[in-house]
Every structure is written in structure tokens, then in C-alpha cells.
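Below is one structure; the comments refer to it alone.
Chains as they are written, first to last, in our numbering: chain H, 9 to 206; chain V, 9 to 206; chain B, 9 to 206.
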């Protein structure tokens, strides 16, 4: 509640992302996990897809804390922990590394820092993709909470990023509330935040 | 099979719950997990919702063994184990404590006493709620077997209790059969028990 | 890629299964897990159902490596490991032992040899069966990868074998590609292999 509440008290309900994602607001970690993108062999497309999505959907001022890292378990784990524990992110979204290939280890690294896994996220994201993308079942993405933050894995493809976020985002603000994070507001024309707890 | 078989042999097919839930019948544990309800800060609504549901659906004589306890891991774990091991419950249903909040630890406490997890219960309950309750994905409820008993977690809200039981109850009698528990019969007008194993 | 690539280079695109499942091709393990079938108390029906299904669907030459074993954790675990590590199977399909009964321990034995679990397989198989088989939620079947192989659990009933394979098989060739196994081709009139990774 802290940063956003203060900003709201001051009537600063500007959409920070339209002003360059500076000037405070809640912090959201965006972690692209990719050996090749982190070596510059190709452009990171998953991270920007997450950022664009959040810009469209969130009306609460927010600031992206972006990371682009290779598929290394320790590095992913430490990056996620730092984004929550040190940088105060209330939401951390990873993209990439969720498949069955040997270097795909994002879910394991995520589980290592979660205090509670929320299996419904992975189930919902796979279920929504399954009818038209049979290989959705190969994605091992999960989600869960650490401290006052929600961490969500997404696949690496920009199309899957949007589809998966659409499948779960209505529940994100309530989850962040429940773990003691800031009050996130969405554009109801895009995603209506569902808040059964108030 | 023991208590029910004996009762059936004697032709005592009365619905025990209509006679005050005494007089034998199979035992079913109903465990409300809530800090506030257990301190009397508000009335337990989940436990009565489970009981009403079972009264509607079961035609086998049954007796409720009800517990109202706070969100404490050890207490939940010990309560579940006692209801199965000492009290002979063939089915134990918990309500509450399945969310992402710091005090929600019913699934972990349940896993600690399960011999086998049955992930299909949580999947089915979340899937049935997801289309109209986006926050269904936040519920971490699971189920599984311990000895000759099935243990099922439900969320705390009475509406969710009914919806989730409707999603899984047709499989409950077969599961209890398979683990060596008593033969549970349901009112087919309400829930038709599915018994592929005979 | 090795065995199939060699066969293809030689223009030997015969469907090996129609010639008695000999003469090379990729190897696929089919493991029936059943105390009673392994003692000869009744015929194994799950294993033949898997074999018939693969014969219908795969156009890549393949060879079955079949096993019929009792519900013993160590034996299942060692059999699965051998089929992958020693016999070079790129796909191993088990049938039976996925339920809640005390002797049903195939999923645990499978997890013991998996390097990565793929929870989407179990979710998809249960979800597809759930609408017409309420007890589908009792099946604890899972899947995952070990080395260059995909291991999939199926229930024991021939009907469930086909239904579950139909629910997931379009993703099998891509998964085997991703873990470094051979290039599996299917009859697109039966199952169109989905290969987003090329």
C-alpha cells in the first residue's frame, strides 16, 4: 500500500508509464530469461511484450525494473529474490525458460524462491492456450508468492505472453492485496480487476 | 465397509443426519480453518455449508465430526490425522485457508498428512470456478488419501463450498471404495455417484 | 535424430509396425503396470491399446519395447530408467497404476526418474475426460522428461488410453525434438503434430 497510497494522497494519479516509467509508482519486475537474448544474439521480445501489456492494463502508476539474464538457475533465483526483497517489487513477471528443453529451468528457479506456489496460474494459462496451441502442455510455468509479492512465469513468445496474462490478470490485484502489497488498479475496459476480498 | 455394512444389514437405512446425526453411520470430518471464526469474531459459515451439502447429497447414514480451528499448521495437520486415524472418518473436508495470504496454510498442512495427493481435485475445482470467479486461480486447495480416507480442501466461502463439491462429488464414493472405506451412496437426483470400478 | 535419420536417408520409410515392429526405427517403451496382468490373472489390455494407437498415428518407423510388470515402485522406476538410458527409447508410455488405491504407485515411481515434470500433460488428460468420466479426477497420471526421452503415464483402461493420447499426442513430437530425441512424424489425418519450434 505504501508508495501508491502516498502518490494517491497527493492526487498524482498520472499514468507513470506514459511519462517514461519514472517518478515512482509501484515497482514491477520484468525478467527475460534467455541465453541467446542475453548474449545479444537476438532481441528480447518477451520483456517488451510484458511491459506493453502492463502499460495497457494498469492505471496505477508503475515503474518497470527490467532484467535480461541467461538460463542459469542460481542467477534466476537470485534475481527474483532481489527484485522482491531489495527492490520492493510487488509483482515480478518472468518470460522464457518454461519448456522441456535442458536449458529451460525458470520454473525450478522460481519454486526455489516462492513461499507459496499458486498452481492455479499455470493451470489457467495452459488451459486457455490448449485448444489452439497443442504444445501449451509443454510449458511448465508456475506462479506464487514471496513476501508481499506475486511472481508469475510466462513463456517466451510475445503472443503467449499476452494470452497468458489475459488468462490470469483479473486475479492479480486481489492476490497482491492479500499478500500485503500495494493496491493495483486496472483499466476495466481492458481487464476488470476482481476483488472478492474488498 | 464396516459401520455402514452393519447398519445396512440391520435395515437401518435411515438418514442419520435427519435424526440429529447420531446413531452411527459413516463418519465424515468437517474442519473449518479460520483464525477469526475460531476466536468467535464471526460465525463459521463454511462448516455448516459443507454439512448442508452432505445432508442433501448423501443417502448413506452419516455422522459429522466437526472441528473449528485457527490457521495453525501443526493443529490442522494433527486434526486431520486424528479424524482419519483415531475417529475413523472415511472423508474429511476442510473449508478455509486455501488462499495466498500469509495465514493461509491449509494445503501445506494437508499435504503433510496425505499419503497420495490427487491433483485432479484442485484442478477440477479451480477450473469450474474460473469462468465466473477469476480469483479461483488463487485457491491452492488440494485433496488426497490417507489410509482408508479421502481428504478434500475447500475454500472458505459457502458459495465456493457448494460449487467445488458439485465439481468433484460424483467421484468421491468411488475414491472411498478404492482406498477401502465404506460404500457411500448419493441421491442420484442430486449427484449421481460414478463407479467405474463396480 | 540418429536411427530415424539413417533410415530416412536410405529411403526406408516403411511403417515398421506393419512389418512386425522389427528392422529398427525409433524405439518406444510401452510399460503395462498391473499386479494381476503380470501374474497372468487377466490379459494386458492397456499395453496393446497403446501399441494400436501408435500404429495408427505414427508414420515414422518405430519399434515397441514392451514390458509387463507388477505395481512395485522400484521395479517401475528401474524399468523406466532402463528403457530410456539403456534401450534408447525416445518415448515411454506407461498404462495402469495411476489411481488412489494403495497399490497404485506409477506416478511416484515415474517422478523418481524424471528430470523435469510436465504438469500440463496430466492436467490436459484429466480435463478432457472430466466432462463425461467424473472419476477422471482420481487419476494421478503425470509426464516429464528424462534425458532425450518423454515419459507419459496413462490410466489402465483401453478407452482412457486412447482418449488421453488424443488429448496430448499433437505435442509429443515437438517435445521429443526439444529434448534432443528423434524426429517423429504422424499421420496428419489422425493427429497433426504441432511444431512451433520448427
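Every residue gets a Cβ at the ideal spot worked out from N, C-alpha and C, and that includes glycine.
Remember, predicted model here, so these are calculated numbers, not experimental data.
Backbone secondary structure at residue i - three-state DSSP
| i | result |
| --- | --- |
| residue 81 of chain V | helix |
| residue 1 of chain B | There is simply no residue 1 of chain B to check, as chain B begins at 9 and stops at 206 in what is shown. |
| residue 130 of chain H | helix |
| residue 141 of chain B | coil |
| residue 121 of chain B | coil |
| residue 55 of chain B | helix |
| residue 50 of chain H | coil |
| residue 175 of chain B | helix |
| residue 106 of chain V | coil |
| residue 204 of chain V | coil |
| residue 112 of chain V | coil |
| residue 44 of chain V | helix |
| residue 170 of chain B | helix |
| residue 86 of chain H | helix |
| residue 95 of chain V | coil |
| residue 60 of chain H | helix |
| residue 29 of chain V | Its pLDDT being 39, under 50, residue 29 of chain V is placed unreliably by the model, and the measurement read from it follows with that caveat. Coil. |
According to DSSP, residues forming a beta bridge with residue i
| i | result |
| --- | --- |
| residue 100 of chain V | V:37 and V:159 |
| residue 73 of chain B | B:37 |
| residue 186 of chain V | Partner(s): none; residue 186 of chain V has no beta bridge. |
| residue 151 of chain H | H:160 |
| residue 66 of chain B | B:194 |
Beta-carbon proximity of residue i to residue j, cut-off 8 angstroms
| i | j | result |
| --- | --- | --- |
| residue 51 of chain V | residue 128 of chain H | no |
| residue 185 of chain B | residue 191 of chain B | yes |
| residue 112 of chain H | residue 86 of chain H | no |
| residue 102 of chain B | residue 65 of chain B | no |
| residue 88 of chain B | residue 179 of chain V | no |
| residue 109 of chain B | residue 187 of chain V | yes |
| residue 69 of chain H | residue 33 of chain H | yes |
| residue 202 of chain H | residue 139 of chain V | no |
Own chain, CB closer than 6 angstroms to residue i, minus 5 neighbours either side, in chain order
| i | result |
| --- | --- |
| residue 151 of chain H | 126, 129 and 160 |
| residue 173 of chain B | 61 |
| residue 30 of chain V | At residue 30 of chain V the pLDDT is 42, less than 50, meaning the model places this residue with poor confidence; the figure from the coordinates comes in the next sentence. Nothing meets the Cβ criterion. |
| residue 175 of chain V | 132, 133 and 136 |
| residue 193 of chain V | 67 and 68 |
| residue 117 of chain B | 81, 84 and 85 |
Neighbour flag for residue i against chain D, beta carbons, 8 angstroms
| i | result |
| --- | --- |
| residue 126 of chain V | Absent from the structure: chain D. Protein chains present are H, V and B. |
Nonlocal neighbours in the same chain, by C-beta distance under 7 angstroms from residue i, ignoring five residues either side
| i | result |
| --- | --- |
| residue 149 of chain H | 106, 115, 130, 133, 161, 162 and 163 |
| residue 83 of chain B | 77 |
| residue 166 of chain B | 53, 54 and 57 |
| residue 4 of chain H | Coverage of chain H is limited to positions 9 through 206, which leaves residue 4 of chain H absent and any answer about it impossible. |
| residue 59 of chain B | 38 and 72 |
| residue 46 of chain V | 76, 77 and 78 |
| residue 97 of chain V | 35, 36, 37, 73, 91 and 157 |
| residue 199 of chain B | 65, 177 and 178 |
Per-residue contacts from residue i into chain B (C-beta, under 7 angstroms)
| i | result |
| --- | --- |
| residue 129 of chain V | 145 |
| residue 152 of chain H | Correct list: empty, because the minimum Cβ distance to chain B is about 14 angstroms. |
| residue 204 of chain V | 143 |
Own chain residues within Cβ distance below 8 angstroms of residue i, not counting five before or after
| i | result |
| --- | --- |
| residue 195 of chain H | 64, 65, 66 and 67 |
| residue 170 of chain H | 57 and 61 |
| residue 95 of chain V | 35, 37 and 73 |
Distance cut-off 7 angstroms: residue i Cβ against heavy atoms of the ligand ATP
| i | result |
| --- | --- |
| residue 98 of chain H | The ligand content of the structure shown is nil, which means the ligand ATP is not present either. |
Chain V contact residues for residue i, given Cβ-Cβ distances below 9 angstroms
| i | result |
| --- | --- |
| residue 176 of chain H | 142 and 145 |
| residue 120 of chain H | Those within 9 angstroms of residue 120 of chain H in chain V number zero; the least Cβ separation is about 17 angstroms. |
Contacts of residue i in chain B (Cβ-Cβ under 8 angstroms)
| i | result |
| --- | --- |
| residue 166 of chain V | Going along chain B, no residue has its Cβ under 8 angstroms from residue 166 of chain V, so there is no contact; the nearest lies around 22 angstroms. |
| residue 148 of chain H | 124, 125, 126, 127 and 128 |
9 angstroms Cβ cut-off: residues of chain H touching residue i
| i | result |
| --- | --- |
| residue 170 of chain V | Ordered by position in chain H, no residue passes the 9 angstroms Cβ test against residue 170 of chain V, which lies about 16 angstroms from the chain. |
| residue 157 of chain B | Within chain H, no residue comes near residue 157 of chain B; the closest Cβ sits about 11 angstroms away, beyond 9 angstroms. |
Chain-ordered chain H contacts of residue i [CB-CB under 7 angstroms]
| i | result |
| --- | --- |
| residue 108 of chain V | 124, 126, 153, 183, 186 and 187 |
| residue 132 of chain B | 138 and 145 |
Interface residues of chain V facing residue i [CB-CB closer than 7 angstroms]
| i | result |
| --- | --- |
| residue 179 of chain H | 142, 143, 145 and 146 |
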